[in-house]
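Residues in the sequence shown are numbered from 1 upward in steps of one, following UniProt numbering.
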Amino acid sequence: MFGRQEYREINGNLNRQLEEKQVLIAVHRGTWGGNVIQNTVQAYRIALDMGGDIFECDAALSADGVFYAFHDGTEPINLGREENLTTLPSQEIDRLVCINSAYGPSGVHVEKLEDVLQAFTHGELFNIARAWEHLPQLDALLARHPHVLGQALVKTPVREEYLEFFRRCPRKYMYMAIVRTEEEVRQALGYPGVNLVGMEFQASTPQDSLYQDEAIRSAQEAGVFVWANAIKLWPTEVGILFAGLDDDAALAGDPDGSWGEMMRKGVRVIQTDWPWQLSRYRARYFRNA
């Protein structure tokens, strides 16, 4: 069981799915292509239909306090404009049209985070990312949709102010810490009153401490799962998130040496851009185990 005993009811859905599937597949911004745009309800539904178990939902707050499902900083490729979404009022954001994969207008608008919460009410797991600078506003939104308490994993980097928010918050959201060092692991594990269920381990090289099997095993023994990213953002150290075990290598013909190695190391959640391929590999992996 992951998470502390006092939060077992909140964490029950997550733990049941982990027990059933052993390794969960998280899908980076949903699955998109053509006129299906990343970070939309349609992209999330397709991701789940293609074998994903969790979808990642980015959150960006407009200038007038409305949350959108959007990764700010991607405006040039998703909207064809330079202005950061967070500097715009919601009335202007609502008029924007996203760019499709052929670099033309898709006819799809940026969706509000509340639309996502209303669309997934049957136990679907999702991870809310990039909302850490606005946790009180996020809590106010999530509190209007109590079903998300057992569905949403909220992740942040490890900072005192974020941990303290979750300690003081009366709603004990499933929390996942983003960690790159053993000190951050210790800080997150040692903080009282937080429903810590998992940690996103990041490692640039095989020598990094959080790439080691012992670090992963130690986290699991402490009652938290390890999430690792198979997505490869860029071919530089910043874009390599788990020491070269990634989707690129898997798709090039070595899924066992990348996805499989993650599973052998004890990773319990793998984030990918390719859920259908990973789900097929997962089925083979556990069938042959």
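Here a beta-carbon is modelled for each residue, glycine too, at the ideal position from N, C-alpha and C.
Residue state for GLY244 is assigned as coil, using DSSP reduced to three classes. At the C-beta level, ILE231 and ASP254 stay beyond 8 Å of one another. Excluding five sequence positions before and after MET263, the CB atoms of its chain that fall closer than 7 Å to its own CB belong to VAL23, TYR285, given in chain order.
Taking a C-beta distance under 8 Å as the contact criterion, MET176 and LEU142 do not qualify as a contact pair. Contact between LEU113 and PHE67 holds: their C-beta atoms lie close to 4 Å from each other, under 8 Å. In the DSSP assignment, HIS109 forms a beta bridge with VAL97.
The shortest C-alpha to C-alpha distance from ALA219 to any of LEU233, ASP256, VAL179 is the one to VAL179. Of the other Cβ atoms in all chains shown, 16 or more fall within 10 Å of the Cβ of LEU163; this residue is therefore buried.
For the 8 Å CB-CB criterion, ALA26 and VAL269 form a contact.
SER106 is not a Cβ neighbour of GLY33, given a cutoff of 8 Å. By a beta-carbon distance limit of 8 Å, PRO275 contacts GLY52. Their separation comes to about 4 Å. Per DSSP, the unbroken beta strand (DSSP E) holding GLU200 starts and ends at 196-201.
Straight-line spacing of the CA atoms in LEU245 and ASP273 works out to 13 Å. Taking every protein chain shown into account, the CB of ASP58 has 16 or more other CB atoms within 10 angstroms, so this residue is buried. THR156 and TYR103 have their C-alpha atoms some 32 Å from each other.
Non-local C-beta neighbours of ALA250 in its own chain, meaning closer than 6 Å and more than five positions away in sequence, comprise SER258, TRP259, ordered along the chain. Counting only runs of at least 4 residues, the UniProt domain "GP-PDE" (28-140) fully encloses the following alpha helix (DSSP H) elements, listed from N- to C-terminal order: 41-49, 75-78, 90-93, 113-119. For PHE225, the pairing in a beta bridge is given by DSSP as GLY198. Annotated as proximal: PHE242 and ALA228, with beta-carbon spacing under 8 Å.
In the three-state DSSP reduction, VAL267 falls in the coil class, being neither helix nor strand.
In terms of Cβ geometry, GLY150 and ASN13 form a close pair [threshold 8 Å]. Around the beta carbon of ALA60, 16 or more other beta carbons sit within 10 angstroms, so the residue counts as buried. The DSSP-derived three-state label of TYR175 is strand. Here ILE46 is buried. Its C-beta has 16 or more other C-beta atoms within 10 Å.
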